[in-house]
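Chains as they are written, first to last, in the working numbering: chain R, -17 to 310; chain C, 274 to 968; chain B, 8 to 269.
For each residue, glycine too, the CB sits at the ideal point set by N, CA and C.
All figures in this text were calculated on a predicted structure; none of them were measured in a lab.
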Amino acid sequence: MSRIFVCIAHRNGVAEDTAAELVSAARAIDPSVAPTALVAGHGRDIDTVCESVRPLFAEVWKLGNEALSYPNAELMRQALVRALPPQSIVLVPHDHFGIDLSPGLAVKLNSAYVPDIVAIEGVEQNWLRVVRQEFGGQIHAHVRCDVSSGAVINVRPGAFKAEPARSVDGVIIDKSADIGTLTVRRRYLETIVAESGAVDITKHSVLVSVGRGMQEKDNIAIAEELAEALGAAVSCSRPVVDARWLEKSRQVGSSGKTVKPKVYLACGISGAFQHLAGIKGNPFLIAINKNPKAPIFQVADVGIVDDVLEFLPELTKKVQELRGVSAK
Amino acid sequence: MVGIYSPALLSDWLVPGKSLFLAIHIIGIVLFAYIVARRLVPLYRAQADPRFDQPLARLKNVGKYWFGQWKHPRYPFAGVMHILIFAGFLLLATRAFTLLIVGVSPNFVMPGLSGKTGHLYNVVTDYAATVVFLCMVVAVVRRVVFKPARFGKSHTADAVFLLGLIAVLMLADSFFAASEAAGRARIDESMQLAFLSLPWLLRVGFSSTSLAALWVINVTAYLVHAVTFYFLLCYRPFGIQFHVETSLFSVYFAKLERGTVKPVRWDVPEDHLDQVKSFGVKKFEDFTWKQILDFYSCADCGRCADKCPANAAGRPLAPRFLTIKARDYAFEHYPVFGKANNSNPLVGTIYSEDEIWSCTTCGACEEECPLLVEYIDKIVDLRRGLIDSGTVPQSLQKPLKALESRGNPYGKMEKKRADWTRTAEFQQDCTVKVLDQKTHADVLYFVDSVTSYDNRMQSVARATSRILSKTGTDFGVLGPTEADSGHEVRRFGEEMLFQALRDHNVEAIQNAGVKRIVTSDPHAYNALKHDYRDLPPVEHISQVIAKELKAGSIQLGPREVDGKFYTYHDPCYLGRHNQVYEDPRTVLDAIPGLKRVEMKRSRDRSFCCGGGGLMLFYEPKEEQRMGVLRVRMAADAGANVIVTACPFCMTNIEDAIKVGGLEGQMSVIDLAELVDQCMVVPVREAEHEIAAVGD
Amino acid sequence: MEILVCVKRVPDTSENEIELNAAGNDIERDELVYSINEPDNYAVEEALQIRDRVGGNVTVVTVGSEDDEEVLRRQLAMGANQAFLLYDEAFEGSDGRGIATILKEFVLKGHYDLILTGVQADDGAAQVGGMLAAMLDYPFASLVNSIEVDSSKLRIGREIEGGNREISEIDLPCVLSIQTGINEPRYVGMRGIRQVASVPIATFGTGELNVDEALVGAGAAKVKRVDYFVPVLGKSAEILSGSREANAEKVLELIAAKGGLK
């Protein structure tokens, strides 16, 4: 079995949750061996990260280089290509960085590439069997991948449960020297932080979240009424922002905000993973959608198959009755 | 030279009277002809528009709307004033010409107006001049002091200037007559003036004026009259007063065929449309000559904008500004003095995209305009231009694509179009045939997209079916082979998609071999009746019910009154565009115990609910929803139930009740649903059933 | 600027229901309608806007079969200057890498300053753009939501977490994968499509492209889909049955129980 590497995503000296999740994925591929961590970056931060992930990995490879102080996938890729042994299996989280890094990495390593997997079934004679989703999560597919010359595998964040720390007590190895000089053809300039907008959805413990199922901009008012009655805020999925029904600051998802509410009402939201990726902390998730096959029902705690435009006003009425507020 | 002579005989000024006035005539006429010729230039460059057919029908329109001022009394105060002014002008025309000619040919008398007739004519016109003068005063006061809302921010200074000039004209005429009469009185010749008319009153004032002074006044008044007359004649084409000349033509050439939209190019048949380089109106010369004539003819009275629901809702559209801006563009780019300069695209310069997409094509503007200026065709042409250049709001692109691929704006599957017929409860009362080449029926119930797919509207489809079934009608639906009627697709400018939908539907309808078509959707009704060709006769369900009521094959049982007052909301495409006002009311009034009230804006003044078809998907910039305004009108009329006969009205009004916070105070029901609930099986049929059981 | 946009024709998923077919080996395709992959449409619009700003040409290309020509035509109607179909029996069954290989040979036949793809398509793989860049050895950026042209470089924005935007400078020639929402694509009407109905679309196969057949097609694919399936629902939502009013009451109870009422 080829060696399994895990790309550690980290920020400000802290490894992200995906690190532990990818260890579980690695174990699903080869239970006998603990994987090797790849920590790239610069300065004291990566030392802290390397130290913090040691309990999960047999080896922790530190790839330090000034050019890598900002996570630039183009440069990362060059560094990895130089540092990795042939036929490696590399696990990467499928987020905005993984999408940027991995396809090209697989080509440069001359390995196979499987993106956005949600489950691993095992390896059989050099073919790794995994599960993916297609058509926005409407259907699943079994996929097999020839890993005989290695593979780059992007894993969906949250698909695997974080591996509890096993105190593997790995060794930190400094592989910085392997990097050499990196050719910069894409230069990072700055990050423009999203406007916080009038409402900070990350600060609310109850969210009434709307999706395409609201059908038109004017119907958002129905959700706003419910939110007002509940003392909650209105958030949304990406298509609502694309259609310009709500501002970007309201978007929950991998390209929007990450929220950690207590209660999350998903109204007319299908449940595409990019949206779900923005919901953390395992809130009580109530889904209302008129399509009984919507993927959201697989992750919700409670589901109502109904027209959101009819159900929400009913719910608002009940809340208002409870609060002793007469319906306007 | 003392005495009152014809001004032609004036000899103690620089130039002899005859020559002076002849010169004024020549300059005035030549200048006017030149100005008109220059104004006609853009019409030559514009697109073709065949308006020379059916002269009798056109003359009838002229009689009714131009001569008869038919639309004017819709605004009573201004309307009556205008009728007086118009009548005055017509009457005074001959007098004015006579007066002008007298300056050159001193003893000229208009043929037919000598002796007693002439005298009577003079009396009448004395009063006419007085009335016109008074109307001018009232009009100026109204403009300046009372400032009616519908004039808005229009050109008050210019309007007052012109009104003032007409007043001056009347005064000059009156001074001339008064001074002549006073002068003649001095030499013991009598000249009758109408009692208490303006000339008469002025003559009283001249009772002690010397003959010499009277002569000066006389000639001066004459000069003022001539100069003002020609000034007005030449000035009118530079502003809204041009309607004085163009109104006759704008009415004569007005559109005869109601309900439908003009083809992309009148001079290009449908099968040659692929060769047309550019669709729709993008630059000014893409308009037709009649449309440009409309721009010239607008009197900027603001009646269209006053009744426009989009304007009332605060959308960036006011019909009069569409016209005035185009007129100003024409004046600027095709000046009378100077060279015509290059054409720019109109949208993005004088028009905004939102302005063009805001129109629901309700037709209120066209219904009001006394000059029969047309709006809907222009909006459609402008939209065709926008569609052709790809500038379409994203909110409209999705339903358009869905219409192309699935035949309905929701993108739902064709096979589900008749699912509404298959609910368990419904199938117990009523079986609906799906028509195709093998299954025929007498009547086609054309359901159209919203009624087929929208959960709320499906109950209207079921109600309509039950009504048809209970009247023993042999009917069916097209089901999966029915595509959207394309009514709004056409009016939103996607002409080729409309043609594809239309051709598809015509084939399906012909395959079904039906003799009549019934629909519960006024937009479909209008499309099938006016936009489609070669179809069997089309009726709206309200017309069918009214007929059946009259024939006694439907009876309506009483409705529990419980304090409910019903009001009927006229859908634009059933009412105003197709003039079906009475049948739905007859039906409602046939329900025993039903109390009905009428809204102020009803029948041809009905207020659009917000629009149908693609308009449901468009996100307008507005201050209020049109539907909310309408629901408040119903409340103001004392109603608590609104009856509609259109699925889009239903959708918009239901939404408006929620958004307007009137839930619990106002409800809405479709006419077909109401009739379905009240329908009683006629006694004859019941006897039949008993007889059958008895066997 | 010479711009190439790689596009894909996919089932329209907004109202289409994606279901397993009777045989269980593919999705039910009988009543699907197809259209251009939405992110690709944004990419073409972006290419057209760049061309209209700085001059040049926009070419669209797809790897597929005759059925895919309709999508190429639509993009021609939108304003692209030319379109190519890359088709050969040998290409069938290619995995993402195979597709990228075919596209690479097409790119090398011409001369392009900028290559755009949509960020991802119906399979959610988001891979062809990145692979193509690596094969051509061009710099790459994904999830691009803004592009400014500055002579031989581009200033681009990438969509990253939290709705933030990462601004970078990238050398030309390069490959970018475009995220939806970058612009407002123009409308393509029926008329536009009819006007390009007879514009020739060149088809290139192994004869015209220098493709090594060993690297493409089903045989070379290292990643293969075995089947589609609908997973047996494990822990999924408790679906409330009952009237709308009863459901609303229950939901309110649950919200209150979870501390959601202040």
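Nearest by alpha-carbon distance to residue i: which of the options is it?
i: G553 of chain C; options: C:K651, C:D567, C:P289, C:W343; result: C:K651
i: A599 of chain C; options: C:K556, C:N584, C:L673; result: C:K556
i: S447 of chain C; options: C:A402, C:S480, C:T533; result: C:A402
i: Q605 of chain C; options: C:M730, C:F526, C:V314, C:L283; result: Reading off the sequence shown, one finds Glu at residue 605 of chain C, where the question assumed Gln. For the residues C:M730, C:F526, C:V314, C:L283, the minimum Cα distance to E605 of chain C belongs to C:V314.
i: L143 of chain B; options: B:N152, B:L183, B:L161; result: B:L183
i: Y607 of chain C; options: C:M383, C:A310, C:D627, C:A918; result: C:A310
i: F890 of chain C; options: C:V723, C:D835, C:L484, C:H850; result: C:V723
i: N203 of chain B; options: B:K111, B:C13, B:R81; result: According to the sequence provided, residue 203 of chain B is Val. The question's Asn does not apply to it. Of the candidates B:K111, B:C13, B:R81, the one whose C-alpha sits nearest the C-alpha of V203 of chain B is B:R81.
i: S149 of chain R; options: R:L297, R:K299, R:A16; result: R:A16
i: A585 of chain C; options: C:F880, C:G437, C:G658, C:L770; result: C:F880
i: T744 of chain C; options: C:K671, C:A824, C:F468, C:V410; result: C:A824
i: F610 of chain C; options: C:R312, C:H842, C:V288, C:Q342; result: C:R312
i: L469 of chain C; options: C:H428, C:R457, C:Y400, C:W488; result: C:Y400
i: L357 of chain C; options: C:F406, C:G937, C:I782, C:D856; result: C:F406
i: L861 of chain C; options: C:R457, C:Q950, C:S758; result: C:Q950
i: P582 of chain C; options: C:S732, C:G361, C:M899; result: C:M899
i: V451 of chain C; options: C:L436, C:L438, C:M888, C:T482; result: The sequence as given places Ala at residue 451 of chain C; Val does not occur at that position. Measuring from the Cα of A451 of chain C, the nearest candidate turns out to be C:T482.
i: V477 of chain C; options: C:A486, C:L466, C:A485; result: C:L466
i: M952 of chain C; options: C:E936, C:A863, C:I915; result: C:A863
i: E215 of chain C; options: C:P346, C:E768, C:L287; result: Examination of residue 215 of chain C is not possible in this model, given that chain C is present from 274 through 968 alone.
Measure how close the beta-carbons of residue i and residue j come, nearest whole angstrom, since I'm counting them as under 8 Å.
i: I99 of chain R; j: R138 of chain R; result: 7 Å
i: Q816 of chain C; j: V853 of chain C; result: 6 Å
i: R58 of chain B; j: V156 of chain B; result: Actually they do not touch by this definition, with Cβ atoms about 10 Å apart.
i: V375 of chain C; j: S279 of chain C; result: 6 Å
Ignoring anything shorter than 3 residues, give me the beta strand (DSSP E) runs that lie fully in the region 181 to 209 of chain B, in order along the chain. Unbroken beta strand (DSSP E) stretches of 3 residues or longer found wholly inside the region 181 to 209 of chain B: 181 to 185, given in chain order.
At 3 residues or longer, what runs of the beta strand (DSSP E) sit wholly inside the region 927 to 959 of chain C? Listed in chain order, the complete beta strand (DSSP E) runs (minimum 3 residues) inside the region 927 to 959 of chain C are 940 to 943.
Touching by the beta-carbon criterion (3+ pairs, under 8 Å), the region 506 to 513 of chain C and the region 767 to 778 of chain C: Contact fails: fewer than three Cβ-Cβ distances are below 8 Å.
With three or more beta-carbon pairs closer than 8 Å as the criterion, would you say the region 492 to 499 of chain C touches the region 538 to 556 of chain C? In short, these stretches do not touch, since the Cβ pair count stays below three.
Under 9 Å, CB to CB, which of the residues in the region 129 to 162 of chain R have a partner in chain B? Of all residues in the region 129 to 162 of chain R, only V129, S130, S131, A133, N136 place a beta-carbon less than 9 Å from a beta-carbon of chain B.
Which residues, in chain order, does the region 272 to 290 of chain R contribute to contact with chain C at a C-beta distance below 7 Å? Those residues of the region 272 to 290 of chain R that come within reach of chain C (Cβ to Cβ, closer than 7 Å) are D289.
Counting only runs that start and end within the region 600 to 662 of chain C, where is the alpha helix (DSSP H) found for 4 or more residues in a row? Taken in chain order, the unbroken stretches of alpha helix (DSSP H) that lie wholly in the region 600 to 662 of chain C and span 4 residues or more are 626 to 630, 637 to 641, 649 to 661.
Taking a Cβ distance cut-off of 8 Å, strictly less, list which residues of the region 193 to 223 of chain B are near chain C, in chain order. Under the 8 Å Cβ criterion, the region 193 to 223 of chain B contributes R193, Y194, V195, G196, M197, R198, G199, R201, Q202.
Could you tell me whether the region 629 to 639 of chain C touches the region 880 to 889 of chain C, using the rule of 3 or more Cβ pairs below 8 Å? Under the 8 Å Cβ criterion, the region 629 to 639 of chain C counts as touching the region 880 to 889 of chain C, having at least three qualifying pairs.
Within the region 676 to 720 of chain C, ranges of the beta strand (DSSP E) (whole runs, at least 3 residues): Unbroken beta strand (DSSP E) stretches of 3 residues or longer found wholly inside the region 676 to 720 of chain C: 716 to 719, given in chain order.
Evaluate contact between the region 85 to 96 of chain R and the region 125 to 135 of chain R, counting only Cβ atoms and requiring at least three cross-stretch pairs below 8 Å. Contact holds: three or more Cβ-Cβ distances are below 8 Å.
Below 8 Å, how does it come out for the region 704 to 717 of chain C and the region 674 to 683 of chain C: are there three or more Cβ pairs, yes or no? Inter-segment contact for the region 704 to 717 of chain C and the region 674 to 683 of chain C is absent: fewer than three beta-carbon pairs are separated by less than 8 Å.
What beta strand (DSSP E) runs, 3 residues minimum, are completely inside the region 204 to 236 of chain R? Within the region 204 to 236 of chain R, the complete beta strand (DSSP E) segments of 3 residues or longer fall at 215 to 218, listed in chain order.
Sequence ranges, alpha helix (DSSP H) only - wholly within the region 418 to 501 of chain C, length at least 4: Runs of the alpha helix (DSSP H) inside the region 418 to 501 of chain C: 429 to 459, 471 to 478.
Please list the segments of the beta strand (DSSP E) lying wholly inside the region 756 to 815 of chain C, counting only runs of 3 or more residues, in order along the chain. For the region 756 to 815 of chain C, whole beta strand (DSSP E) runs of length 3 or above, ordered along the chain, are 789 to 792, 811 to 813.
Interface positions of the region 673 to 701 of chain C facing chain B (Cβ-Cβ less than 8 Å), listed along the chain: In summary, the residues of the region 673 to 701 of chain C whose CB is separated from some CB of chain B by less than 8 Å are L673, K674, A675, E677, S678, R679, Y683, G684, K685, M686, E687, K688, in the order they occur in the chain.
Decide yes or no for the touch test of the region 193 to 205 of chain R against the region 132 to 147 of chain B: beta carbon pairs closer than 8 Å, at least 3 of them. Cβ pair count under 8 Å is below three, so no.
Can you pull out the residues from the region 914 to 936 of chain C whose beta carbon lies closer than 9 Å to at least one beta carbon of chain R? Here the close residues are D928, K931, V932, G934, E936.
Proximal residues, the region 33 to 48 of chain B versus chain C, C-beta separation under 8 Å: Those would be E38, V40, S42, in chain order.
Can you list the beta strand (DSSP E) stretches of 3 or more residues lying completely in the region 22 to 92 of chain B, in chain order? Taking only runs of at least 3 residues, the beta strand (DSSP E) segments lying wholly in the region 22 to 92 of chain B are 41 to 43, 64 to 70.
Counting Cβ pairs closer than 8 Å, one from the region 19 to 33 of chain R and one from the region -16 to -3 of chain R, do we hit at least three? Yes: at least three Cβ pairs fall under 8 Å.
At a Cβ cut of 7 Å, what residues of the region 224 to 247 of chain B count as close to chain R, listed as they run along the chain? Residues K229, V230, K231, R232, V233, D234, Y235, F236, V237, P238, L240, S243, A244, E245, I246, L247.
With 7 Å as the limit, tell me which residues of the region 757 to 780 of chain C have their beta carbon closer than that to any beta carbon of chain B; keep them in chain order. Sequence-ordered contacts of the region 757 to 780 of chain C with chain B read E767, M769, L770, A773 [C-beta pairs closer than 7 Å].
Validate contact between the region 722 to 741 of chain C and the region 920 to 934 of chain C using beta carbons, cut 8 Å, 3 pairs: These segments touch.
Would you check if there are 3 or more beta carbon pairs closer than 8 Å linking the region 105 to 114 of chain B to the region 237 to 254 of chain B? No: the two stretches stay apart, fewer than three of their Cβ pairs being nearer than 8 Å.
Along the chain, which unbroken stretches of the alpha helix (DSSP H) at least 4 residues long are found entirely within the region 134 to 187 of chain B? List check, alpha helix (DSSP H) in window: 135 to 143.
Using a beta-carbon distance cut-off of less than 9 Å, what residues from the region 872 to 892 of chain C approach chain R? From the region 872 to 892 of chain C, only L889, F890, E892 have a Cβ closer than 9 Å to chain R.
State whether the region 559 to 572 of chain C contacts the region 651 to 661 of chain C, with contact taken as three or more CB pairs (one from each stretch) at a distance under 8 Å. Yes, since at least three Cβ pairs between the region 559 to 572 of chain C and the region 651 to 661 of chain C fall closer than 8 Å, the two stretches touch.
When the Cβ atoms of the region 69 to 88 of chain B are set against those of the region 34 to 54 of chain B, are three or more pairs found closer than 8 Å? With a cut-off of 8 Å, the region 34 to 54 of chain B and the region 69 to 88 of chain B count as touching, because enough Cβ pairs lie within range.
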